[in-house]
Structure formats: C-alpha cells, structure tokens
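Residue numbers in the sequence shown follow full-length UniProt numbering, run continuously in steps of one, and reach 198 at the last position. The beta carbon of each residue, even a glycine, is placed where N, CA and C say it ideally should be. Bear in mind that the values here come from a model prediction, so they are computed numbers and not experimental data. Contents: one structure, followed by commentary.
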Amino acid sequence: MLPLFDNLAAYIRSGGLVMVPILAVSLVMWVLIFNRVWFMRTLYVKNISRTRAGELVRLNQRPADRYKGANSLLVREFLARRTRDSDLDGYILDETVMEICTSLDRYLAAIRVLSAVAPLLGLLGTVVGMMHTFEVITVFGTGNARAMAGGISVALITTQTGLMVAIPGLYMAGWLTRRSRNLKNRISATGIYLRRFI
C-alpha cells in the first residue's frame, strides 16, 4: 500500500504546481457528486405509492419515518404547511413540488462547471510545461534530453490528469441530471394526483 502512495506522490510532484488546483477541483467535484448521489438515492428507496400518498393527505397523516422516498418527502413537506383552505393548499402544494424539484438540481451546474474547468487547468499545465521546455532549449539547446524531459512531463501529466478528472465528472453530471429529471417527473405527477385530496 505504501509504494502506491509513493508512486502517487511522485506522479503529483512531476505534474508541478498546476496539479494542486486540478486536485482541488477534483476533490470539490466528487464531494458534490457524492452529496447528490446520496440525496437522490434516499428519494428512490422505501417510497410510498401515489395512492397511499393520496390517502395520507386525505387523512392529514404523515408517512411513517421509515419511508424516505420522493412521495413521502412531498407528503411530509406539504402536511407541515397545510392550512385546510383548499385554494391556499393548492398553492402550497405547487410551491412544495417546485421546492423539491429545485433541490434536485442543486450543485448539478457546479459539477458541470468543475468538470469543464479541469481540462482547462490541464491545458494551463501544458503551457507551463512547454514554457519550461523552451527555457531549457534556450539555455542548453536540444542536446540535453534529460533537462527537456521535466517540462514535457509537466505538460503531459497535467493534461492527462485534467482529462481524468473531467471525463468521469461529465459522465456523472449527465447521469445525475437524468436521475433528477426522472424524480422531478415523479414528484410532479404525484403533486397533480394529490390535488384531488385537498
């Protein structure tokens, strides 16, 4: 296990200073991704049916705590604000649906931006590495391959790392967007169904 960390540290060092912001972008992006995955996962598991949600709204009864799904969340949030005025409750239900749907999109734009920034930082590393290489060529000429290798190494490693951060990030952003759209459709359909019981 220790040689793995030594190799990783050597890889990061060989990429130069640009590796620090690339790794920071990667860390923030993956924290946001895991946050969204966990949040959406809870909305898929142990859900109540739409029919059961309607019964609970009609009876003004909260779902059991063991139910954490999207329909359960909608019923719980709506009942917490319910006034028993059917016109006002219709607006409250619509607002609750909109708030939950908005919360599903939280951080998705940031994940996409961070995924797009990573290869640009890699490109910055490429420029820095090539500048170092040209400085070596200016001083030593093209005869010192070892001195030129440092700049080329920085250029290639930062580009590779930027792409290694960006590609899974873009994939996860697309996957989370599809999950979010699916959940929004479910919540909106449940909201329309619950209007019958207000």
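- Three-way DSSP call (helix, strand, coil) for S49 in this model: DSSP, read as helix, strand or coil, puts S49 in coil.
- Item | Any non-hydrogen atom of the ligand SAM within 8 angstroms of N185 CB | Among the components modelled here there is no ligand, and therefore nothing to report on the ligand SAM.
- Alpha carbon to alpha carbon, what distance is there between R52 and A64? Rounded to the nearest whole angstrom, the C-alpha separation of A64 and R52 is 11 angstroms.
- Query: In terms of residue numbering, what span does the alpha helix (DSSP H) encompassing P168 cover?
  - Reply: Unbroken alpha helix (DSSP H) run through P168: 145 to 194.
- Message: Need the endpoints of the alpha helix (DSSP H) that Y107 sits in, please.
- Response: In this chain, Y107 is not harboured by any alpha helix (DSSP H), its DSSP state being neither H nor E.
- Member of I33, G16, G141 whose CA lies at the smallest distance from the CA of V113: Ranking I33, G16, G141 by Cα distance to V113 puts I33 first.
- Query: Cβ of T133 within 9 angstroms of Cβ of I157?
  - Reply: In this structure, T133 lies away from I157, with their beta-carbon atoms at least 9 angstroms apart.
- Query: According to DSSP, is T126 helix, strand or coil?
  - Reply: Here T126 sits in helix by DSSP.
- Going by beta carbon distance, what residues of the same chain come within less than 7 angstroms of L93, once the five residues before and after it are set aside? Listed in chain order, the non-local C-beta contacts of L93 below 7 angstroms within the same chain comprise F78, G191, L194, R195, I198, local neighbours out to five positions each way being set aside.
- Task: For the alpha helix (DSSP H) containing V31, list its first residue and its last residue.
- Result: Taken as a continuous stretch (DSSP letters only), the alpha helix (DSSP H) holding V31 covers 19 to 44.
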